[in-house]
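Notes follow once the structure below has been shown.
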Amino acid sequence: MAVAPEKARGVIYEGTRIPTPIPTILRVSDELMATGDVMQVNFGPNHPSTHGVLRLIVDLYGEDVVGLEAVIGYLHTGFEKSMEQKSWWKAITYPERVDYLSFQANEMAFVMAIEKLLEMEIPEKATWMRMCLCELNRIHSHLVWLGTAALEIGAISMFWYAFRERETILDLFEMVTGVRMHTRYFQAGGLAEDIPTGFYAQARAFCDQMPKGVDDYESMLDKNKIWLERTVGLGLLSADDAIALGQSGPALRASGVNWDLRRDQPYLAYDQVEFDVPVYYEGDVYARYRCHMEEMRESTKIIRQCVDRLEKMNGQPWIADDRKVVLPPREELHTSMEALIHHFKIVTEGYRVPEGEVYITIESPRGEMGCYVVSDGGAKPWRVKFRAPSFVALEATATCMHSGFIADMIAIVGSLDTVMGEVDR
Amino acid sequence: MSYEGVPGLVETIEAHGETTLVVDPARLLEAARHLRDAEGFNFLSDVAATDYLGWGEGEVSGYVGSRTGRDLNHPSTFGLQAIPTKKPKRFSMSYHLLALGPSPRRVRLQAWIGEDESVPSVIEIWPTADWHEREAWDLMGVGITGHPNLKRILLEDDWEGHPLRKDYPIGGEPVRFSEAE
C-alpha cells in the first residue's frame, strides 16, 4: 500500500498533545468538572480487552473521554530481583517469561548481554538461526496482536485465521526446541542444540503459506467498512510526540519515523539480509495495523534468506567452543575426564562473567527492547534491568486518547500492542 | 566522539564499545539538556537505577574455598574473578540515550548518589522519563526531585521498602496463612 506523499512528518496535528505537567495523565479541565456531569469509571483491571490486567481510570463526559490515568503493576512478579539470585545460565529462562509473546527476542537480548561481557564470538550458524527464530517470533507476536486487537473491535473471525498461522509457527518452535513457548534455546555462545533435519523444509513451507495468510487477513479487514470506521483517524500520535514519549517499534513507524534498529544499528547479521522497513505517516490506529501487516511480510522474506544460508551450513558448529562457559558435547562425557569436570562445574556452580556494565538493544516485535546488565565478576548477575517497549507504549495512552470516545479507547489501547507481563515485569 | 562540553562532566568511560558519561548529580539537568539540544540525543531509551551495597565484598576464590566463598550446599557462592573496582557511592542512575536520526549514537549518562541524596527529574527534557523515574523510586528508593507525580507504580501504594535494594531480602514479603494468626 502506497504512502500518501503529501503527509510529511509532523503534520498529523499542530504542536504537541502530551499533557502537562504529567505526561501520562489526562486531567479533566475545571470548566468540565464544574458542570457536574463528569463520571469516573474504572476500566479493568479485569476486562477482556485490556490485554492482561491493565486498569484505566477514565473520566467520562457523555461518551467523551475527558480524563485518563493508566494504573499498572497488577502483574508485577519481580523478575529483575529473582534474576539476581540465579546463576547466569539459569537466569536465561527469566527474560522469556517477561514478555510471553516475544520470548525469543527477550531471551536473545539477555544472552547477547552476557556474550558482550564475556567478549565471546558466536558461530555463524547460531547467528543466522537466532535471526530466523526471532523473525518467526515477530510474526507469532504480530499474529496474536492482530487476532486479539481485531477481536476486541468485533472482527471475531480474524482471531481464528491469525491463530491458524500461529499454530504453524509454534509447531516449528516445537520441532527445533522441544517446546512451543519459552523455548530456552539460546545459550551464551550459540544455540542449545543443533538444528533438526526437516526444519528447513517445514520453514520453507511456512514461508510459502504466510504471504497467502496475510492476503487473507487483508481481504477481511482492508475494505471492511466497520474496521475502517473504527481505526482510521483514531488515536493520533505525531512523530515528535512519539519520540518524546519514547515510543518504538510499529507505533513509532506508524507515526512517520523511519527507524528500525535492525537496519539502523544492525546486530546479528541483519546487515546481510534484504528487507524493507514499512513506514506510515498517518499516526493512527489504522497505520499501526498496516505496519504490523507489512512487517509480517518483511519477516517472511528474512526467514527465507536465513533458511537459504543455514542450509549451506550443515555440519558447522552451532555453539562456541569455550569449555569455561559452554557445556561440553554429550558424547565426550563418557570418554573424557576433562569434559566431565567442566560439565560438573558449569552445572553446579555456573560460570563467572567479568565485571562490567552493558546495555543491549534489539528490535523486538514491540519495539526497542533494552537489557541493562551489571556484573561484579561473580556467578550471578548483579543487576538486570529491562527496557520494556510495552511499558513505554502505555505512557502514550493519554496523548493518543486526546478527544476520543470511550468506544475508541479499546481500539487505541489495543493498537499500542502491549503485553502486560512485560509492562509490570 | 568527544563529550568535553557536557556540563558537570566528571569522567568519561569507554568499555565494551559503550560510552558512559559520569556527571555531577547536581548538574544532571544541565547535562541532559545539553545532550538533547547540542548533541541530538532526542530519545531516552531507559532509566536504570542500580544499588551497589556490598559491591566487591565477596572474596576472590582460589582452589581452596575462601572464608566467605564456596559452600557446597549453596551453589554459585564460589567468589569473584577479581576484586571489582570501587564505586563512588551507593546508587547509580543510568540514563540510556539514543540520538535517533541519520547518524545514530548511544550514550549512557550516569550520576552517582548516596542514600539520602536525590537526582533531579528529567521529565521536562524527555517526557517518557515519567514512568521510568517512578519505577526507580518505587523499586530502588532513589529520590527524584521535581517529579510532578512521584508515587509507587508497580507496587501497591502502601508497600513498605524498596525491593530491588540489596538489603531487601528475597521472599521478604509475608506469606498469607503461613502461620497461625
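Here the protein sequences line up with chains A and B, keeping their order. If you want the working numbering, it's the 1-based position in the first sequence plus 48. If you want the working numbering, it's the 1-based position in the second sequence plus 596. C-beta: ideal position from N, C-alpha, C; glycine also.
Identification of residues in the region 417-435 of chain A having a C-beta nearer than 7 Å to some C-beta of chain B yields G418, Y420, V422, D424, G425, G426, A427, K428, R431, K433, R435, given in sequence order. Chain-ordered listing is empty here: chain B has no CB closer than 8 Å to the CB of A/K372, the nearest sitting near 11 Å. By the rule that beta-carbons nearer than 7 Å mark a contact, B/F639 touches chain A.
About 5 Å separates the beta carbon of A/I70 from that of B/P744, a gap short enough to meet the 8 Å contact definition.
A/P298 is the residue among A/E241, A/P298, A/T68 whose C-alpha sits nearest the C-alpha of A/G462. Of all residues in the region 105-131 of chain A, those with a C-beta nearer than 8 Å to a C-beta of chain B are I120, G121, H124, G126, E128, K129, S130, reading in chain order. Cβ-Cβ distances below 8 Å link A/G398 to S135, W136, W137, K138, A427, K428 in the same chain, with the five nearest sequence neighbours on each side left out; the list follows chain order.
At a cut-off of 7 Å between beta carbons, B/T724 contacts chain A. The three-state reading of DSSP puts A/N154 in helix, counting H, G and I together. Residue pairing by DSSP puts A/G418 in a beta bridge opposite A/T409, A/R435.
Between A/G100 and A/D107, the CB-CB gap reaches or exceeds 7 Å.
Excluding residues up to 5 positions away in sequence, V355, E359 lie with their Cβ nearer than 6 Å to the Cβ of A/Y248 in the same chain. The C-alpha of B/G654 is placed about 6 Å away from the C-alpha of B/G675.
Cβ atoms of A/R345 and B/Q677 stay farther apart than 8 Å, at about 47 Å.
Two segments are said to touch when three or more pairs of C-beta atoms, one from each, lie closer than 8 Å; by this definition the region 319-336 of chain A touches the region 270-282 of chain A. Put simply, the backbone Cα of A/F392 is about 35 Å away from that of A/E183.
The three-state reading of DSSP puts B/H692 in strand, counting E and B together. Nearest Cα to A/A157 within the set A/E222, A/Q235, A/L269, A/E117: A/Q235. Counting along the chain, A/W193 sits inside the alpha helix (DSSP H) bounded by residues 172-200. Ranked by how close their Cα comes to the Cα of A/L269, the residues A/A253, A/Y315, A/S384, A/A210 have A/A210 in first place.
Using a CB distance cut-off of 7 Å, A/Q235 does not count as an interface residue toward chain B. Contact annotation for B/D642 against chain A: Y407, G418, Y420, K433, R435 [CB-CB distance below 8 Å, chain order].
A/A240 and A/F151 have their alpha carbons spaced roughly 16 Å apart. Pairing B/V643 with A/V432, the inter-Cα distance amounts to about 12 Å.
B/D647: not part of any alpha helix (DSSP H); member of the beta strand (DSSP E) spanning 639-647, first to last residue. Beyond the five residues adjoining it in sequence on each side, A/I201 comes within less than 7 Å, by CB distance, of R278, I458, A459 in the same chain, given in chain order. Proximity of the region 251-271 of chain A to the region 204-221 of chain A meets the contact definition, three or more beta-carbon pairs being nearer than 8 Å. Interface flag for A/W137 against chain B is unset, since no Cβ pair is found closer than 7 Å. Against chain B, the beta carbon of A/Q88 has no neighbour under 7 Å; the closest one sits roughly 18 Å away.
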